[in-house]
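Visitor:
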Amino acid sequence: MDDIAALKKTPLHALHLRLGARMVPFAGYDMPVQYPAGVMKEHLHTRTEAGLFDVSHMGQVIVKAKSGSYEDAALALESLVPVDILGLAEGRQRYGFFTDDSGCILDDLMITHVDDHLFVVVNASCKEADLAHLQAHIGDTCDITLLNRGLIALQGPRAVEVLAELWADVASMKFMDVRHCRLHDVSCLVSRSGYSGEDGFEISVPADKAEDVTMRLLEHPDVQAIGLGARDSLRLEAGLCLYGNDIDTTTSPVEAALEWAMQKARRAGGARAGGFPGSGRILYELENGAARRRVGLKPEGKAPVRGHAKLYADAEGKLEIGEVTSGGFGPSVEGPVAMGYVPVSHAAAGTLVYAEVRGKYLPITVSALPFVTPTYKR
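At position 241 of the sequence shown (counting the first as 1) the number is 245 in the numbering used here, and the numbers step up by one without a gap.
(1) Return helix, strand or coil for Gln-267, following the three-state DSSP convention.
(2) Find out if the Cβ-Cβ distance for the pair Val-36, Leu-23 is shorter than 9 Å.
(3) At 4 residues or longer, and completely inside the segment 155–231: list those alpha helix (DSSP H) runs for me, N to C.
(4) Specify the secondary structure class of Tyr-380 as computed by DSSP and reduced to three states.
(5) Does the separation of the CB atoms of Ala-54 and Gln-267 fall below 9 Å?
(6) In chain order, what residues of the same chain lie with their CB nearer than 8 Å to the CB of Met-62, ignoring the 5 residues before and after it?
(7) Can we say the segment 278–289 touches the segment 319–329, given the rule of at least three CB pairs closer than 8 Å?
(8) Report the residue from Pro-340, Cys-192, Val-67 whose alpha carbon sits nearest the alpha carbon of Ala-359.
(9) Taking a contact to mean a Cβ-Cβ separation below 9 Å, would you say Val-164 touches Arg-96 in this structure?
(10) In angstroms, rounded to a whole number, what distance separates the CA positions of Thr-116 and Leu-122?
(11) Should the segment 252–270 be called in touch with the segment 79–87, which here means at least 3 C-beta pairs below 8 Å?
(12) Which same chain residues end up closer than 8 Å to Arg-186 when comparing Cβ atoms and leaving out the 5 residues on each side of it in sequence?
(13) With distances taken between CB atoms, is the gap from Thr-329 to Arg-298 smaller than 9 Å?
(14) Which of helix, strand or coil does DSSP assign to Ile-100?
(15) According to the Cβ coordinates, are Ala-307 and Val-361 closer than 9 Å?
(16) Would DSSP call Cys-146 helix, strand or coil?
(17) Compute the Euclidean distance between the alpha carbons of Glu-75 and Gly-293, then round it to the nearest angstrom.
(18) Where does His-20 land, buried or exposed, given buried means 16+ other C-beta within 10 angstroms?
(19) So which of Pro-40, Met-114, Gly-107, Gly-331 has the shortest CA-CA distance to Ile-66?
(20) May I have a chain-ordered list of the beta strand (DSSP E) segments no shorter than 3 residues that lie completely inside the segment 278–302?
(21) With distances taken between CB atoms, is the gap from Asp-203 to Gly-160 smaller than 9 Å?
(22) Put His-121 into one of helix, strand or coil per three-state DSSP.
(23) Could you spell out where the beta strand (DSSP E) holding Lys-45 opens and where it closes?
(24) For a test of the three-state rule: what should DSSP assign to Arg-153, helix, strand or coil?
(25) How big is the Cα-Cα spacing for Phe-286 and Gly-107?
(26) What does DSSP give as the partner residue(s) for Gly-63 in the beta ladder?
(27) Is it the case that the Cβ atoms of Gln-38 and Leu-232 are separated by a distance below 9 Å?
(28) On a CA-only basis, which of Ala-93, Arg-51, Val-118 is nearest Gln-64? Give me that one, please.
(29) Count the other CB atoms within 10 Å of the CB of Gly-201; is the residue buried (16 or more) or exposed (fewer)?
(30) Is the distance from the Cβ of Ser-73 to the Cβ of Arg-153 below 9 Å?
(31) Do the CB positions of Ala-168 and Thr-50 come within less than 9 Å of each other?
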């Protein structure tokens with residue numbers, strides 16, 4: 005009981021209980037893993053209509069230069085991430101990650117240029133460490149502020165129509181656009197982004213108004229509350245990494261197949277090449293490749309292969325070559341899907357490898373990612 009009492013609660017905690025959610029500990033918070041409909045129905049509802057997720061456990065951080073200059077804030081943050089922040093247009097968002105001195109990933113994050121500052125969303129499990137990291141490295145020149153706000157994700161093909169009933173201008177937004185708006189007379193920051201592979205939005209809202217805005221959205225017949233279980237299967241089908249599973253301080257961005265997130269300006273020969281932790285390794289791997297690679301994996305049959313299952317080159321389990329990092333059943337794919345790391349010699353789509361599951365070696369085919377076609381509004 006003490007452990008449960010020690011868990012943090014999001015501004016929507018009471019609402020989850022009223023909606024009949026099954027709650028579980030996650031990243032130090034008491035979070036809904038599913039509602040009465042169940043994970044499968046929640047997943048499919050998000051793919052066909054609109055699912056609403058509470059992601060308020062994530063850290064929402066303002067990085068603002070003490071000089072008041074956006075350029076100064078951008079250059080400061082660029083000293084910690086291999087991403088072009090200076091070239092990020094106002095009202096635009098970009099995926100990035102903190103790297104360490106060994107060229108591995110401390111956390112992945114979303115970075116937005118808002119007015120004269122940066123709005124950064126970090127993972128709940130890394131929130132305190134990320135704040136300390138920012139403070140230690142750029143706190144002399146930037147004010148680092150953790151916000152007390154709710155964060156709601158509305159995802160799925162009906163998301164834009166639902167949100168447009170509260171704010172018509174949302175329809176003009178493109179993928180990774182960010183806008184200030186008023187929803188149900190509440191000042192919000194809305195991004196056209198999310199973690200499901202579907203078109204959708206993430207809505208930052210004052211903590212004391214989070215339940216009001218959420219209830220207004222849930223009143224729409226196309227919207228259902230969705231828990232962490234379906235969030236995980238949706239992001240896995242979309243080939244999206246979960247920090248602590250698919251990426252961590254043992255994986256470099258190139259090993260993780262995240263080269264697309266590192267822009268030309270920060271690469272060798274670019275206007276601001278390097279200058280971030282681990283740049284030597286990362287720039288080398290961008291030019292020459294890494295020894296291993298994150299890949300999609302499709303097990304044969306219907307049985308899911310879970311994270312931490314060992315991967316082998318042979319059906320006898322004599323040559324271990326890697327490990328599954330995330331795995332489960334993909335409701336939209338109608339079969340098991342997984343991701344993991346294998347040597348580049350085994351990373352081509354169509355390569356057959358074997359996973360150890362309860363003493364047996366099950367055949368798995370390396371697959372291109374994602375497993376479903378994203379529907380982002382380009």
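The beta carbon of each residue, even a glycine, is placed where N, CA and C say it ideally should be.
Guide: In terms of the structure at hand:
(1) Reduced to three states, the DSSP call for Gln-267 is coil.
(2) One point to set straight first is that residue 36 is Pro, not Val, in the sequence displayed. In contact: Pro-36 and Leu-23 (Cβ atoms closer than 9 Å).
(3) Counting whole runs of 4 or more residues, the segment 155–231 contains the alpha helix (DSSP H) stretches 163–168, 214–222.
(4) Here Tyr-380 carries a coil assignment [DSSP, helix/strand/coil].
(5) For Ala-54 and Gln-267, no; Cβs fall outside 9 Å.
(6) So the list reads Val-125, Val-126, Asn-127, Ala-128, Lys-131, Leu-155, once near-sequence residues are dropped.
(7) Pairwise C-beta distances place the segment 278–289 out of contact with the segment 319–329, as fewer than three of them are shorter than 8 Å.
(8) Cα-wise, what sits closest to Ala-359 is Pro-340.
(9) Not in contact: Val-164 and Arg-96 (Cβ atoms no closer than 9 Å).
(10) Separation of Thr-116 and Leu-122 (C-alpha to C-alpha, rounded to the nearest whole angstrom) is 6 Å.
(11) With a cut-off of 8 Å, the segment 79–87 and the segment 252–270 count as touching, because enough Cβ pairs lie within range.
(12) Exclusion of the five residues before and after Arg-186 leaves Trp-171, Cys-192 as the residues of its chain whose Cβ lies within less than 8 Å of its Cβ.
(13) Yes. Within cutoff.
(14) A small correction: the amino acid at residue 100 is Gly; Ile does not occupy that position in the sequence shown. Of the three classes helix, strand and coil, the one that applies to Gly-100 here is strand, per DSSP.
(15) Yes; because the gap between Cβ atoms is below 9 Å, this pair is in contact.
(16) Strand, per DSSP.
(17) It is roughly 32 Å from the alpha-carbon of Glu-75 to the alpha-carbon of Gly-293.
(18) His-20 should be labelled buried.
(19) Of Pro-40, Met-114, Gly-107, Gly-331, the residue nearest in Cα terms is Met-114.
(20) Unbroken beta strand (DSSP E) stretches of 3 residues or longer found wholly inside the segment 278–302: none.
(21) Yes.
(22) Residue state, collapsed to three classes: strand.
(23) Premise fails: Lys-45 lies in the alpha helix (DSSP H), 43–52, not in any beta strand (DSSP E).
(24) Residue state, collapsed to three classes: strand.
(25) Note that residue 286 is Ile in the sequence shown, not Phe. Each residue's alpha carbon lies about 6 Å from the other.
(26) Gly-63 pairs with Val-126.
(27) It is a contact, given that the beta carbons lie within the stated cut-off.
(28) Of the listed residues, the one whose Cα sits closest to Gln-64 is Val-118.
(29) By the neighbour-count rule (16 or more Cβ atoms within 10 Å), Gly-201 is buried.
(30) Using a Cβ distance threshold of 9 Å, Ser-73 and Arg-153 do not count as a contacting pair.
(31) In this structure, Thr-50 does not lie closer than 9 Å to Ala-168 by Cβ.
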